[in-house]
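Colleague: Input: one structure, supplied below.
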Amino acid sequence: MITIKKHTNEQVLTRRLFTLLVSVFMSPVYGRLLMLIIIASVWQSIAWYVNSADFPSLFIIIESFIYHFFQGDMLINLSVTLTRVLLSFTIAMILGVIIGILMGISKRLNQLSDTLLIIVLNIPALVTILLCYIWFGLVESAAILAVVINKIPTVVVMIREGARVVDEDLLSVAKVYKLSLSKTFFSVFLPQLYPYIMASARAGLSLIWKIVLVVELLGRSDGVGFALNTLFQFFDIAGILAYTFAFISIVLVIENLIFRPLDKLIARGVHHDRA
Amino acid sequence: MIELDIAIKNKYYANSAAVVLKDIEFTVKPGEFIAIIGPSGSGKTTLLNMLSGLEDATGQKLLCNSKELNGGEEYQLGYVFQQPRLMPWLTVKQNLQLVLPTAQNQKIETLLTQVGLAGKGDYYPKQLSGGMQRRVAIARAFAVNPELILLDEPFNSLDAPTAAKLRLLLVSLCKSCGSTVIFVTHDLSEAIYLADRIIFMSNSPSSIIHQVCVDLPKPRKESGSAELAWQAKLMAQYPKILSGSIATD
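Chains S and Z, in that order, give the protein sequences.
Position 80 of the first sequence, counting from 1, maps to 80 under my numbering, and the rest follow consecutively.
One rule links them: number in my numbering = place in the second sequence (from 1) + 275.
Printed below as a string of structure tokens:
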């Protein structure tokens, strides 16, 4: 009798523990935190196991981060790189969206420029960067141009798809009610492209900051790319990881502060349940 | 007030040799309520699209007050499509505001009250039921003070009570607005309830097979005895008229 009762108590306890674990996994904030802890502990265990300067432990990385942050040029390098990223991102998005829309709505223009698009899409990023530096010199504008040229085609491809499948029915509403061109564009046409613009912006940011680093490594004397190159020459692996960690954190902040709220704004009216 | 004079000789489908409309000739008096009935695929929507300028009408005679219908002459047009076609990213109020040239909050509120959607102005279309969305679409059509209003089976796929409510709404809005109305449907009793005149169309390539004035006093009743008797008389005369034929056997 008593044993059975004890057994049930254990069962209840296990079940409670299980539900707790599930709820932790399911809740967005704790789930993410838990994932971070798991990644960190896996890294730390490998570092202990390998026990080599080539695979620094978390503590050494944090130490290096603090050193570079307070005594090195990390802040300057980060802000320089971030400026380049945002500048080339903005230019590439604006041009890409305009070209994408034009190619999406005009069959003729699409036929004319489709080959060019495929060519540009497939030129290796490195080649564009080298050519820009050779033709325009090792200057800031050449660096930005190289990144923009690399990014534009991917934006164009995505926006063009969006512009192709624009809902004709909604456009006919605009026509029947004789809406002005700007009203038709901003209230009827463009909102249909928001999801596509959002997707290409997301994919764009991660692509661009990777290219920016290569650009900096090859021909600039500041920025994260330059710093990484220097650290590499001293085999300062902890420093390289500290920089990586810093930059990823910035991208995460951008994601949470800009993209998530924008997502919500765009989803208005689309994912509602019926009242 | 608007009167229409329409003569369509041959209207082809875009990029094809198939004729949709053939020898369609009719006139619409100012303020008249016309119902067009025809089997599905008989080009009724094409006809409305031609009148609204969505479909190419070159070479056809479409006159509005003796002037070219879509020749730049400014007249207010309201169009209620088969689907509500509301912008999903705009609230109900913003959807109505979209078709108005200036901000007219007062007018929008009045219209929403008229269609029974007071207080729903800040909802997004997806938050509303199908019937409510159609009411918004009707409100949008009347928001522009239309001189001509086109309705393309607006009460299709609604449950009977909702459809009846919306028909009542349509009657009162038309009365207050005084617009000329062209109403496409495949429901004869609906046409009898609403229209001054009914135009019957044949199968594709469609032409007009019969026109009849509904000489019943207004306001009419949904399936009232006079209305039912009128319908029965018509059906006895032309048993196949709803499938696009005036053959009697």
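Glycine residues also receive a C-beta, built at the ideal position from the N, C-alpha and C atoms.
1) Anything in chain Z within Cβ reach of S/S182, meaning under 9 Å, just list it in chain order.
2) With DSSP collapsed to three states, give me the class of S/M26.
3) Could you tell me the distance, in whole angstroms, from the CA atom of S/A275 to the CA atom of Z/F430?
4) Pick helix, strand or coil for S/N51, following the three-state DSSP scheme.
5) Pull up the distance between the alpha-carbon of Z/K284 and that of Z/I383, whole angstroms please.
6) If you follow the beta strand (DSSP E) that Z/M476 is part of, which residue opens it and which one closes it?
7) Report yes or no: do three or more beta-carbon pairs, one from the segment 246 to 263 of chain S and one from the segment 187 to 202 of chain S, lie closer than 8 Å?
8) Buried or exposed for S/K151, please, with buried defined as at least 16 other CB atoms from any protein chain shown within 10 angstroms of its CB.
9) Compile a chain-ordered list of the residues in the segment 161 to 180 of chain S whose CB is closer than 9 Å to at least one CB of chain Z.
10) Given a threshold of 16 other Cβ atoms within 10 Å of its Cβ, counted over all protein chains shown, does S/G100 qualify as buried or as exposed?
11) Going along the chain, which residues of its own chain have a beta-carbon closer than 7 Å to the beta-carbon of S/P195, five neighbours each way excluded?
12) Once DSSP output is grouped into helix, strand and coil, what is the label at S/D273?
13) Considering only residues of the same chain and omitting the five flanking positions on each side of Z/M407, which have a CB-CB separation below 6 Å?
14) For the segment 179 to 210 of chain S, which residues have a CB atom closer than 9 Å to at least one CB atom of chain Z, in sequence order?
15) Kindly indicate which three-state DSSP category S/R268 falls into: helix, strand or coil?
16) Please work out which residues of its chain come closer than 7 Å, Cβ to Cβ, to Z/T321, disregarding the five sequence neighbours upstream and downstream, and give them in chain order.
17) When the cut-off is 9 Å and only beta carbons count, does S/I266 lie next to chain Z?
18) Nearest to Z/K319 by CA position, among Z/H461, Z/M510, Z/G391, is which residue?
19) What is the DSSP secondary structure of Z/N380, reduced to helix, strand or coil?
20) Are the segment 206 to 215 of chain S and the segment 138 to 155 of chain S touching by the rule of at least three beta carbon pairs closer than 8 Å?
21) What does DSSP give as the partner residue(s) for Z/V487 in the beta ladder?
22) Does S/E10 pass the burial test, meaning 16 or more other C-beta atoms within 10 Å, or should it be called exposed?
23) What residues in its chain sit with their C-beta under 8 Å from that of Z/L386, if we drop five residues either side in the sequence?
24) Taking the Cβ atom as the reference point for each residue, do S/R164 and S/G104 lie within a distance shorter than 9 Å?
25) Closest to Z/A376 by CA distance: which of S/A174, S/I197, S/V120 is it?
26) Note down the Cα distance separating Z/Q351 from S/V215, rounded to an integer number of angstroms.
27) Which class does S/T90 belong to by DSSP, given the choice of helix, strand or coil?
28) In the DSSP assignment, find the beta strand (DSSP E) that holds Z/K297 and state where it starts and stops.
Modeller: The relevant details are as follows:
1) None at all; the shortest Cβ gap to chain Z is about 12 Å.
2) The three-state secondary structure of S/M26, taken from DSSP, is helix.
3) Any reading at S/A275 needs caution, since the residue's pLDDT is 37, under 50, leaving its predicted position unreliable; the model's value is listed next. If I take the Cα positions, the gap works out to 21 Å.
4) Coil at S/N51, not helix or strand.
5) Between Z/K284 and Z/I383, the C-alpha separation is close to 41 Å.
6) That run of the beta strand (DSSP E) goes 472 to 476.
7) With a cut-off of 8 Å, the segment 187 to 202 of chain S and the segment 246 to 263 of chain S count as touching, because enough Cβ pairs lie within range.
8) Buried, since its Cβ has 16 or more Cβ neighbours within 10 Å.
9) The residues in question are D167, D169, L170, S172, V173, A174, K175, V176, Y177, K178, L179, S180.
10) It counts as buried.
11) Closer than 7 Å at Cβ, skipping near neighbours: I266.
12) Residue placement at S/D273 is poorly supported in this model, since its pLDDT is 43, which falls under 50; the coordinates are not used for a value here.
13) Excluding residues within five positions, none has a Cβ falling inside 6 Å.
14) So the close ones are L179, S180, K183, S187, V188, P191, Q192, Y194.
15) In this structure, DSSP gives S/R268 a state outside helix and strand, which the three-state scheme calls coil.
16) Excluding positions up to five away in sequence, the list reads K286, V295, L296, E330.
17) Yes, because at least one Cβ of chain Z sits closer than 9 Å to the Cβ of S/I266.
18) For Z/K319, the nearest C-alpha among the options comes from Z/H461.
19) Shown here, Z/N380 sits in a helix according to DSSP, grouped into three states.
20) Flag = yes, the segment 206 to 215 of chain S and the segment 138 to 155 of chain S touch.
21) Beta-bridge partners assigned by DSSP to Z/V487: Z/I473.
22) Burial call: exposed.
23) The answer, listed in chain order, is L371, A414, F417, A418.
24) Taking the C-beta atoms as reference points, S/G104 is found nearer than 9 Å to S/R164.
25) Per the sequence shown, the amino acid found at residue 376 of chain Z is Pro instead of Ala. Per the Cα distances, S/A174.
26) Those two C-alpha atoms are separated by around 58 Å.
27) Here S/T90 sits in helix by DSSP.
28) If you look at Z/K297, you'll find it in the beta strand (DSSP E) that goes 294 to 303.
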